[in-house]
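Residues in the sequence shown are numbered from 2 upward in steps of one, following my numbering.
Please read the structure below before turning to the comments.
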Amino acid sequence: MTTTTPSRRRRRAPTRIERVAGKAAALQKPRVILAGLLLLALTSVMLLDGYLRAEVGGDQRVRTGASSNNVPDKVLDGGPILTFRGGRATTVSVPDKTIALTFDDGPNPTWTPQVLAILKKYDIPATFFVVGSMVSRYPSIVADMVDAGNEVGIHTFTHVDLSYQSDARVNREMQQTQLALAGAAGITTTLFRAPYSSETDAIDNYSWPVYKKLGEDGYTSVFVDTDSDDWKRPGVSKIVKWATPDDGEGASVLFHDAGGERSQTIKALPKYIEKMRAKGYTFTTISGAVQKQEAEAGGQAGGQAQGGPNGQLGGAGAGAGTSNLQAAHRTATGATLYEGKALIGAVAVAEWTVPVLSVGLLVVGVAVMGRFGMMLILARRHYRQRNRRRFSWGPPVWQPVSVIVPAYNEKECIANTLESLARSTHPIEIIVVDDGSTDGTSEIARTAARELGMTNVRVIRQENAGKPAALNNGVRSASHDIVVMMDGDTVFEPDAVRQLVQPFADPAVGAVAGNAKVGNRNTVIGAWQHIEYVMGFNLDRRMYDLLRCMPTIPGAIGAFRREAVLEVGGMSEDTLAEDTDITIAMHRAGRRVVYQEHARAWTEAPGSLKQLWSQRYRWSYGTMQALWKHRKSLTDKGPSGRFGRVGMPLVVIFQIVTPVFAPLIDVFTVYSMIFVDFGAALLAWLAVLAVQLLCAAYAFRLDREKYRYLLMMPLQQLAYRQMMYLVLIHSCITAMTGGRLRWQKLKRTGEVGTPAGAGR
Numbered sequence: 002m003t004t005t006t007p008s009r010r011r012r013r014a015p016t017r018i019e020r021v022a023g024k025a026a027a028l029q030k031p032r033v034i035l036a037g038l039l040l041l042a043l044t045s046v047m048l049l050d051g052y053l054r055a056e057v058g059g060d061q062r063v064r065t066g067a068s069s070n071n072v073p074d075k076v077l078d079g080g081p082i083l084t085f086r087g088g089r090a091t092t093v094s095v096p097d098k099t100i101a102l103t104f105d106d107g108p109n110p111t112w113t114p115q116v117l118a119i120l121k122k123y124d125i126p127a128t129f130f131v132v133g134s135m136v137s138r139y140p141s142i143v144a145d146m147v148d149a150g151n152e153v154g155i156h157t158f159t160h161v162d163l164s165y166q167s168d169a170r171v172n173r174e175m176q177q178t179q180l181a182l183a184g185a186a187g188i189t190t191t192l193f194r195a196p197y198s199s200e201t202d203a204i205d206n207y208s209w210p211v212y213k214k215l216g217e218d219g220y221t222s223v224f225v226d227t228d229s230d231d232w233k234r235p236g237v238s239k240i241v242k243w244a245t246p247d248d249g250e251g252a253s254v255l256f257h258d259a260g261g262e263r264s265q266t267i268k269a270l271p272k273y274i275e276k277m278r279a280k281g282y283t284f285t286t287i288s289g290a291v292q293k294q295e296a297e298a299g300g301q302a303g304g305q306a307q308g309g310p311n312g313q314l315g316g317a318g319a320g321a322g323t324s325n326l327q328a329a330h331r332t333a334t335g336a337t338l339y340e341g342k343a344l345i346g347a348v349a350v351a352e353w354t355v356p357v358l359s360v361g362l363l364v365v366g367v368a369v370m371g372r373f374g375m376m377l378i379l380a381r382r383h384y385r386q387r388n389r390r391r392f393s394w395g396p397p398v399w400q401p402v403s404v405i406v407p408a409y410n411e412k413e414c415i416a417n418t419l420e421s422l423a424r425s426t427h428p429i430e431i432i433v434v435d436d437g438s439t440d441g442t443s444e445i446a447r448t449a450a451r452e453l454g455m456t457n458v459r460v461i462r463q464e465n466a467g468k469p470a471a472l473n474n475g476v477r478s479a480s481h482d483i484v485v486m487m488d489g490d491t492v493f494e495p496d497a498v499r500q501l502v503q504p505f506a507d508p509a510v511g512a513v514a515g516n517a518k519v520g521n522r523n524t525v526i527g528a529w530q531h532i533e534y535v536m537g538f539n540l541d542r543r544m545y546d547l548l549r550c551m552p553t554i555p556g557a558i559g560a561f562r563r564e565a566v567l568e569v570g571g572m573s574e575d576t577l578a579e580d581t582d583i584t585i586a587m588h589r590a591g592r593r594v595v596y597q598e599h600a601r602a603w604t605e606a607p608g609s610l611k612q613l614w615s616q617r618y619r620w621s622y623g624t625m626q627a628l629w630k631h632r633k634s635l636t637d638k639g640p641s642g643r644f645g646r647v648g649m650p651l652v653v654i655f656q657i658v659t660p661v662f663a664p665l666i667d668v669f670t671v672y673s674m675i676f677v678d679f680g681a682a683l684l685a686w687l688a689v690l691a692v693q694l695l696c697a698a699y700a701f702r703l704d705r706e707k708y709r710y711l712l713m714m715p716l717q718q719l720a721y722r723q724m725m726y727l728v729l730i731h732s733c734i735t736a737m738t739g740g741r742l743r744w745q746k747l748k749r750t751g752e753v754g755t756p757a758g759a760g761r
């Protein structure tokens, strides 16, 4: 055993790159927060879209048969327009020979414009009781409605039966709809019709308190005298018949311009208008009917008939002293107007974002399923090809190789690493490069080598310069033509080196990737990483091997021709993923990179979420750096171009694009369960999980792993994937801001002792 120790030198001043790294480290927390906020924003947009798409059904009460003994008889027997003048309930009837034509559940982009066109043709107004969620989705229709001289009233925001809701929910339904109207048409309104309401004699002890409360707030509640029941689609003739009041009587008549298929309503409406005009009827709005009734009665249609709702949103109280109820609309001003426009804007974003994301996720889903299929097919082919009895790389490789072990503060693991190498069945020299450790790593390595009787170990100390520099130092110091690189926390199986170097019998092979295993897999985090290593890494490597575009040789176990490493300039310090960088460089130099599944090494995976985040952030960001560095391979010819046009797109799609969309798949699943079809959404999610389990099970079979760890896979999909998304967004933001980090050291425990003790 020999030792090389450099002379003592003064600690150098930080370089410009290191100063940039310090600044980048200071930006890590804001980047993490921004990544979380982005996921939260997308989730909020989808939930808003789902909230707005609440279905509007037929006009029927959630519960019926309640008592009405608390409702005044004069209300039950009164007209369809209910106000609370001076705090007392007052009803108003529609004058004789007058029709107050009303429409519920709109606006709808298909049916409402057709209704408006018919009203314009016959030059008559109507009152539309609109659903706030629909207003926010189709604001231009409401603007056209108001501009044409029609009246609008509130039909709640989500078409919920307010009779069984809390006061807070009632207020929210009203205020949200007022905001939607303010943003859509610049108005608020004092008219209200409850969903699932009919005539006043249907008011019961559950709904009466709601009408009283809203009346105290200044709202006028509107019921019906005659219901067309067009939502039942009984046929045009029946719709016209049911909407016709008794001879000469005035009526508040109910139709629908949304909430379902309304073609019969569109056909019936002109016939109805012509029929009623032939009978001598005139058409007006609800406010117009009240004004006409009071005028005929000789009363004063003062402001107390219908003032703005008390405490209503800003602008609703304007004009409270007007002399007629035609002024049910109030001009929205101040905060109400701006909040309303903000609501309309947010809904527009949701209306645009969700469909785009849906298409994007569909494309990603197809790509992911295609990848799974390709992985299964190519992995099986790779396994059968490399494990058939007659397969050979060429003459057995028995010449000694150099094993390079870069180490920085690896006191917990370095002895186990050397002990595993002492059992190697292949002749090796071991070069431990201590990268400025402060915990006595080099002394522990020397002591372990002496105790194990290893004379083939050299310990080289250098000032802390990072892992790439340590590896390059080891390559320069290597005595043999083949160098094996491993991490200081990794243990090799006895046959690992022999298996790893056999592909070098083929002169075209420049580098070999080994099979890295998670040793500390008996925790939740460890099990998740174990699944990822077996399925996400090793199954991928089989596929990339056959496609001749493997992107990464794992730092835990990889072998290179020494001349090939020197030819491409050694391990680069340009990126955080020196293993990906050197692998791509090998491809571009025309060297073949292969995967040797039988060369197994056991590594200690991060044991906490914080350490896992740190590692995956470095991997993710480093991969982006490496891909950008080698972007010219896209236009190269030969092996370099093959990687650029095959390997690079695969890496971008499945290691960057797909992980970004992956959490949204879960969000869409929840969205579909809540707002679309719970059973279908759950079945689809389970089907995708089943495909992933199938691929994972096959990968476990190829690696001869125990299947029990797959029980953790559903939880991995729910939790682990979200974290990987945040890591990736973090990396993207770092890339855009130009940050850079040096070699990051993870805290090790040394629990991965020897291959025999790694445990499967």
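Where is the CB? At the ideal position from N, CA and C, for every residue including glycine.
In this structure, how does DSSP classify residue i when only helix, strand and coil are distinguished?
{"i": "HIS531", "result": "helix"}
{"i": "GLY760", "result": "Caution applies to GLY760, whose pLDDT of 42 falls short of 50 and renders its modelled position unreliable; the value that the coordinates give is listed next. Here GLY760 sits in coil by DSSP."}
{"i": "GLU152", "result": "strand"}
{"i": "VAL171", "result": "helix"}
{"i": "GLN500", "result": "helix"}
{"i": "LEU180", "result": "helix"}
{"i": "SER134", "result": "helix"}
{"i": "SER621", "result": "helix"}
{"i": "LEU377", "result": "helix"}
{"i": "VAL225", "result": "coil"}
{"i": "ASP78", "result": "coil"}
{"i": "VAL762", "result": "There is no way to answer for residue 762, as the model of the chain reaches only from 2 to 761."}
{"i": "ASP202", "result": "helix"}
{"i": "ALA336", "result": "helix"}
{"i": "HIS383", "result": "helix"}
{"i": "ARG522", "result": "coil"}
{"i": "ARG93", "result": "Reading the sequence as shown, one finds Val at residue 93 and not Arg. Residue state, collapsed to three classes: strand."}
{"i": "LEU683", "result": "helix"}
{"i": "VAL492", "result": "strand"}
{"i": "ILE1", "result": "Outside the shown range of the chain (2 to 761) lies residue 1, about which nothing can therefore be said."}
{"i": "PRO469", "result": "helix"}
{"i": "VAL364", "result": "helix"}
{"i": "THR99", "result": "strand"}
Give me the DSSP bridge partner(s) of residue i.
{"i": "GLY559", "result": "MET486 and ALA514"}
{"i": "ARG462", "result": "ASP435"}
{"i": "PRO407", "result": "VAL434"}
{"i": "THR84", "result": "THR91"}
{"i": "LEU651", "result": "In DSSP, LEU651 forms no bridge with anything."}
Are residue i and residue j close, meaning C-beta to C-beta below 8 Å?
{"i": "SER208", "j": "ALA101", "result": "no"}
{"i": "SER478", "j": "ILE432", "result": "yes"}
{"i": "PRO555", "j": "ASP580", "result": "yes"}
{"i": "ARG593", "j": "ALA514", "result": "no"}
{"i": "GLY251", "j": "PRO96", "result": "yes"}
{"i": "TYR273", "j": "ALA244", "result": "yes"}
{"i": "LEU192", "j": "ILE155", "result": "yes"}
{"i": "GLY559", "j": "MET486", "result": "yes"}
{"i": "ALA195", "j": "LEU163", "result": "yes"}
{"i": "VAL225", "j": "THR178", "result": "no"}
{"i": "ASN474", "j": "ASP440", "result": "no"}
{"i": "HIS599", "j": "PHE644", "result": "no"}
{"i": "THR426", "j": "TRP603", "result": "no"}
Within 10 angstroms of its Cβ, does residue i collect 16 or more other Cβ (buried), or is it exposed?
{"i": "TYR708", "result": "exposed"}
{"i": "THR1", "result": "Absent from the model: residue 1. The displayed extent of the chain is 2 to 761, so no value can be given."}
{"i": "PRO140", "result": "buried"}
{"i": "GLN503", "result": "buried"}
{"i": "ASN516", "result": "buried"}
{"i": "ASN523", "result": "exposed"}
{"i": "ASN151", "result": "buried"}
{"i": "PRO356", "result": "exposed"}
{"i": "GLU605", "result": "buried"}
{"i": "ASP78", "result": "exposed"}
Taking only runs of the beta strand (DSSP E) that begin and end inside the stretch 534 to 602, which ones reach a length of at least 3 residues, in chain order? Counting only runs of 3 or more, we get 559 to 562.
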